[in-house]
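What follows is a short report on a single structure.
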Amino acid sequence: MLIQDMLFDDTTDGTGLPDIGQLRKIAEPFSTVEESSSNDSGLPEDELNLKEVFASFANLSGTVGNLSGIPGQNSSIYSFNPGIFPGGLPVGEELKRLLNPEEPKNSLQSGAENGFDPTTFSDYSFGRDQKFAYDGRETFDVPAIRNDFPILNQKVNGKELIWFDNAATTQKPLSVIEAVSNFYKRDNSNIHRAAHTLAARSTDAYENAREKVKNFIGASSTEEIIFVRGTTEGINLVTQTFGRKFIQPGDEIIVSMLDHHANIVPWQQLAKEIGAKLRVIPINDNGDIILEDFEKLLGPRTKIVSISHVNNTFGTILPVKEIIQSAKRWGARVLIDGAQSVAHTPINVQELGADFFVFSGHKIYGPNGIGVVYGKKELLDILPPWQSGGNMIKDVTFEETIFNDPPAKFEAGTPNVADAVGLGTALDYVSRIGIGNISKYEHELTEYAREQLARIEGLQLIGNPKERVSVVSFILKDIPTADVGRLLDLQGIALRAGHHCAQPALRRMGLEATVRPSFAFYNTKKEIDYMVDAIRRIQYLNIK
Ligand SMILES: Cc1ncc(COP(=O)(O)O)c(C=O)c1O
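Sequential numbering of the sequence shown, starting at 2, is according to the working numbering.
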């Protein structure tokens, strides 16, 4: 019986109180005698006359009114209002044909209606031939799902919000918002300390969340799950513990050109400090890593390979299984940065064989400020602590400190209990929909977006990786990306325009910035159609 159930079960001992012996058992491993204690584009301003474009765009959208068509609403985004373009320009049906040569297909279909073809998935592609306990249903109901996300039901700049910035952060379902709120309303206490009821409830809630994470990523024990602030902090934890203990001068650390700055800078700084070498797996013009070159980088001095599972700029899915197998042949350890994969694909860290797997809660519909480091138990046992203080100790004297066992050894101080609880609830939510279903649906959305965007003259898709998910990057001829981002925002479309904290990847393509829509399971093809339409209008106004 869960502690929470016991607390409200007045059959326990007639007093309505829980069995304190059982509470202590759960808290035992952690018990101590302690007292509780951007504009990221960096682009120069454009040469375009932005003011004018803004004015005419705002004017256009205000006048037309039909741009406000939005999934789930009845208005049609393709019903043009004749006569809106002054000065003898094409209007009505003719303009519609010119700007929009093909009627887009309808959206808001479920996965099965979209006819997913499993043969389109390759070996390491998400969703192929994978059966998961979570997969209760073949399809899911997108309009119903959207109702779970209160933030999606609002207007921005007078237009229905379209959230295409999911690679930066995902929105939160009501169940997550309420879990955090209820924790503070009912259960808030410091954990692993004190024998009072709220401490027991909080401890129980926090450790339940750890259990959910363990199950979600297929770890073998909760001792392998460390709560941190997010992916960035998680990678820093590994560099400062594993890195400092095992990397010697002259040793090599391998990252890839596809990595986020969060997986470059901490390793680069450590390498500089220690006198180790940072080696980089190159990529080809499609945005795929060159596996043969990776094999050549490996050697007896390779101590760790630290790479993204999914790239955040081109959406490349990296062949991590192959990478891990090759690294193991040289006895190197592997860290997988799962920030962009965990919300889009089933993860089983044991099947993968990764030594470390890190992710952020906010990218999988959970709260900000909570994330996870999975580490193999055998490694965590021998790693030194990172931060020190309360909670991470078994015993302290002025001469000596005996550290706690993992995961407490790596969780110094009061943890972010409420957001861990929120993350657990987010994982429940994703599991109910089915991560396999999510993979398939998002694959379909991504491919649809690429197809539709590719039809726009003057739009260049950046990257064409073999396996990809959720993210599409593009640039528009003669229109700076930052302007595209701002002009789309006027139409209620939130997406990222900039370098995406992946400057080496973009510079490999000869660019400093792209426009990046990124999709989640609450997005629809109709929203993509709307974005495509809005891009055509921006181009039209730019020509004018
Ligand atoms: C691949 C990748 N790694 C790491 C991060 C950093 O995540 P966080 O800012 O949540 O620590 C991101 C964020 O976008 C990312 O996309």
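All C-beta atoms in this analysis are idealised placements derived from N, C-alpha and C, irrespective of residue type, glycine included. Because the structure is a prediction, the values reported are computed rather than measured.
Span separating the alpha-carbon of residue i from that of residue j
{"i": "Asn216", "j": "Asp260", "result": "27 angstroms"}
{"i": "Thr204", "j": "Ile394", "result": "17 angstroms"}
{"i": "Ile226", "j": "Tyr375", "result": "5 angstroms"}
{"i": "Thr515", "j": "Ile480", "result": "11 angstroms"}
{"i": "Pro174", "j": "Arg147", "result": "9 angstroms"}
{"i": "Leu292", "j": "Ala498", "result": "29 angstroms"}
{"i": "Pro368", "j": "Thr170", "result": "10 angstroms"}
{"i": "Ile275", "j": "Thr240", "result": "11 angstroms"}
{"i": "Arg517", "j": "Phe475", "result": "7 angstroms"}
{"i": "Asn158", "j": "Val431", "result": "30 angstroms"}
{"i": "Gly437", "j": "Asn313", "result": "20 angstroms"}
{"i": "Leu491", "j": "Val533", "result": "14 angstroms"}
{"i": "Thr223", "j": "Val418", "result": "16 angstroms"}
{"i": "Leu542", "j": "Ile494", "result": "18 angstroms"}
{"i": "Val177", "j": "Lys213", "result": "14 angstroms"}
{"i": "Arg187", "j": "Pro267", "result": "39 angstroms"}
{"i": "Asp484", "j": "Leu446", "result": "25 angstroms"}
{"i": "Val350", "j": "Arg280", "result": "25 angstroms"}
{"i": "Asn405", "j": "Asp294", "result": "42 angstroms"}
{"i": "Val335", "j": "Val256", "result": "10 angstroms"}
{"i": "Ile290", "j": "Lys304", "result": "20 angstroms"}
{"i": "Asp149", "j": "Pro250", "result": "52 angstroms"}
{"i": "Glu48", "j": "Thr482", "result": "Here Glu48 scores only 33 on pLDDT, less than 50, and its place in the model should not be relied on; the value that follows carries that caveat. Going from the Cα of Glu48 to the Cα of Thr482 covers about 12 angstroms."}
{"i": "Pro416", "j": "Ser342", "result": "25 angstroms"}
{"i": "Lys377", "j": "Glu448", "result": "36 angstroms"}
{"i": "Ala455", "j": "Ala277", "result": "43 angstroms"}
{"i": "Asn264", "j": "Trp387", "result": "18 angstroms"}
{"i": "Gly235", "j": "Arg508", "result": "26 angstroms"}
Buried or exposed by the 16-neighbour rule on C-beta atoms within 10 Å, applied to residue i
{"i": "His444", "result": "buried"}
{"i": "Gly89", "result": "A caution first: Gly89 carries a pLDDT of 31, below 50, which makes its placement in the model unreliable, though a value can still be read off. Answer is exposed; the Cβ neighbour count stays below 16."}
{"i": "Gly300", "result": "exposed"}
{"i": "Ser327", "result": "buried"}
{"i": "Ile254", "result": "buried"}
{"i": "Ser38", "result": "Low confidence applies to Ser38: its pLDDT is 32, below 50, so where it sits in the model is not reliable, and the reading given next is rough at best. Classification of Ser38: exposed, given that the 10 Å Cβ count is below 16."}
{"i": "Gly372", "result": "buried"}
{"i": "Lys156", "result": "exposed"}
{"i": "Ser519", "result": "buried"}
{"i": "Thr398", "result": "exposed"}
{"i": "Tyr185", "result": "exposed"}
{"i": "Arg433", "result": "exposed"}
{"i": "Ile248", "result": "buried"}
Minimum C-alpha distance to residue i - residue among the options
{"i": "Asn167", "options": "Pro505, Ile394 and Gly362", "result": "Gly362"}
{"i": "Ile308", "options": "Asp479, Ile282, Gly316 and Arg330", "result": "Ile282"}
{"i": "Ile383", "options": "Ile371, Lys364, Val397 and Pro408", "result": "Pro408"}
{"i": "Lys246", "options": "Ser257, Leu271, Ala344 and Val256", "result": "Leu271"}
{"i": "Ile348", "options": "Ile265, Thr426, Gly435 and Val306", "result": "Gly435"}
{"i": "Leu512", "options": "Ile529, Leu489 and Gly464", "result": "Gly464"}
{"i": "Ile439", "options": "Thr346, Pro466 and Gly390", "result": "Thr346"}
{"i": "Lys329", "options": "Glu458, Ala427, Gly251 and Ala355", "result": "Ala355"}
{"i": "Asn208", "options": "Ala450, Glu412, Lys364 and His500", "result": "Here residue 208 turns out to be Glu, not Asn, going by the sequence shown. Out of Ala450, Glu412, Lys364 and His500, Glu412 has the C-alpha closest to the C-alpha of Glu208."}
{"i": "Ile152", "options": "Ala421, Gly288, Ile324 and Tyr366", "result": "Tyr366"}
{"i": "Arg302", "options": "Ala206, Val422 and Ala333", "result": "Ala333"}
{"i": "Leu298", "options": "Trp331, Gly231 and Gly391", "result": "Trp331"}
Start-to-end residues for the beta strand (DSSP E) that takes in residue i
{"i": "Leu477", "result": "Ser474 to Leu477"}
{"i": "Asp338", "result": "Arg334 to Asp338"}
{"i": "Ala498", "result": "Arg497 to Gly499"}
{"i": "Glu253", "result": "Glu253 to Ser257"}
{"i": "Arg280", "result": "Lys278 to Ile282"}
{"i": "Lys364", "result": "Looking at the DSSP string, Lys364 is not in any beta strand (DSSP E), and its letter there is neither H nor E."}
{"i": "Leu462", "result": "Leu460 to Ile463"}
{"i": "Ile324", "result": "Careful: Ile324 lies outside any beta strand (DSSP E), inside the alpha helix (DSSP H) at Val321 to Arg330."}
{"i": "Ser309", "result": "Thr303 to Ser309"}
{"i": "Val516", "result": "Thr515 to Arg517"}
{"i": "Ile394", "result": "Ile394 to Val397"}
{"i": "Ile403", "result": "Thr402 to Phe404"}
Terminal residues of the alpha helix (DSSP H) in which residue i lies
{"i": "Gln540", "result": "Lys526 to Ile544"}
{"i": "Tyr375", "result": "No alpha helix (DSSP H) holds Tyr375; the beta strand (DSSP E) holding it covers Gly372 to Gly376."}
{"i": "Ile1", "result": "Here the chain has residues from 2 to 545 only, and residue 1 is not among them."}
{"i": "Ala286", "result": "Here residue 286 turns out to be Asp, not Ala, going by the sequence shown. Per DSSP, Asp286 belongs to no alpha helix (DSSP H) and is neither H nor E."}
{"i": "Thr482", "result": "Thr482 to Asp490"}
{"i": "Phe295", "result": "Leu292 to Leu298"}
{"i": "Lys213", "result": "Thr198 to Ile218"}
{"i": "Arg230", "result": "It is not in any alpha helix (DSSP H) - Arg230 carries neither H nor E in the DSSP assignment."}
{"i": "Lys273", "result": "Val266 to Ile275"}
Chain C within 8 angstroms of residue i, Cβ atoms only
{"i": "Leu424", "result": "Structure shown: chain C not included; a single protein chain is present."}
Check whether the stretch 318 to 333 touches the stretch 524 to 543, counting contact only when three or more Cβ pairs, one atom from each stretch, lie closer than 8 angstroms.
no
Evaluate contact between the stretch 524 to 532 and the stretch 148 to 166, counting only Cβ atoms and requiring at least three cross-stretch pairs below 8 angstroms.
yes
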